[in-house]
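Visitor: Below is one structure. I have some questions about it.
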Amino acid sequence: MKIKELETNHFVLVHGGGFGAWCWYKTITHLEEKGFKVDDIDLTGLGVHSCDTNSITSLTEYVKPLTNFLEKLGEGKKVNAQQGMTILAQIE
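Per the working numbering, the sequence shown starts with residue 1127, numbered consecutively.
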């Protein structure tokens, strides 16, 4: 089977707190070498969206670059956030 034929062939990578999209450079290289499409997102205050992080007043503002990206995805595109389940398990 070819990568382009897979249902999941596009990865959107979002960094954790205190990082930027730069943290994915090795992962991106490996995925792209295998033929996957990869996008990496810098959240507000970091990387290409750098600003004074003290000026970020809400989670909505912090994740705005990701929100903008997801809103532009084509219809029918699926999104999975594995880390969300990990966080919920820790809260439980």
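Cβ coordinates follow ideal geometry from the N, Cα and C atoms, glycine included.
Buried or exposed for THR1155, please, with buried defined as at least 16 other CB atoms from any protein chain shown within 10 angstroms of its CB.
Guide: exposed
Visitor: Per DSSP, VAL1174 forms a beta bridge with which residues?
Guide: Paired residues: none, contrary to the question.
Visitor: Less than 8 Å between the beta carbons of LEU1169 and HIS1136, yes or no?
Guide: By the CB criterion at 8 Å, LEU1169 and HIS1136 fall outside the cutoff.
Visitor: Identify, in the order they occur along the chain, each residue of the same chain with its Cβ nearer than 8 Å to the Cβ of LYS1163, setting aside the five sequence neighbours on each side.
Guide: ASN1135, HIS1136, PHE1137
Visitor: Using CA atoms only, rank isn't needed, just tell me which of GLU1133, GLY1202, VAL1174 is closest to LEU1192.
Guide: VAL1174
Visitor: Just tell me which of GLY1202, SER1184, SER1176, TYR1188 has its CA closest to the CA of TRP1148.
Guide: Of the candidates GLY1202, SER1184, SER1176, TYR1188, SER1176 places its Cα closest to the Cα of TRP1148.
Visitor: Could you please give the first and the last residue of the uninterrupted alpha helix (DSSP H) stretch that includes LEU1185?
Guide: 1185-1188
Visitor: Alpha carbon to alpha carbon, how far is LYS1068 from ASP1165?
Guide: The shown model of the chain, from 1127 to 1218, leaves out residue 1068, and the question about it has no answer.
Visitor: Once you ignore the five residues that flank THR1186 on each side, which residues in its own chain have a CB closer than 8 Å to its CB?
Guide: Correct list, in chain order: THR1193.
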